[in-house]
Amino acid sequence: PERKHRLPSAYNRFMKEEIQRIKEANPEIPHREAFSTAAKN
Numbered sequence: 006p007e008r009k010h011r012l013p014s015a016y017n018r019f020m021k022e023e024i025q026r027i028k029e030a031n032p033e034i035p036h037r038e039a040f041s042t043a044a045k046n
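To convert, note that position 23 of the sequence shown is 28 in the numbering used here; the numbers rise steadily by one, no gaps.
Written as structure tokens, this is what we have:
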């Protein structure tokens with residue numbers, strides 16, 4: 006069965022942008038650490 010794609014929630018959009026921002030400032034940190042830092046913001 007085909008799944009309908011849901012639009013990203015405000016939280017998902019925030020996390021995506023925040024992780025990108027953190028990765029740009031600290032390119033050497035692992036994704037997991039960037040995600041953890043973004044979640045704390």
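Cβ atoms here follow ideal geometry from the backbone N, Cα and C, with glycine treated the same way.
- Non-local beta-carbon contacts of Asn31 in its own chain, meaning distances under 8 Å to residues more than five positions away in sequence, involve Ala39 in chain order.
- A direct Cα-Cα distance of roughly 19 Å separates Gln25 from Leu12.
- About 4 Å separates the CB atoms of Glu23 and Ala43; that is less than 8 Å, so the two are in contact.
- Bounds of the alpha helix (DSSP H) holding His36 are His36 to Lys45.
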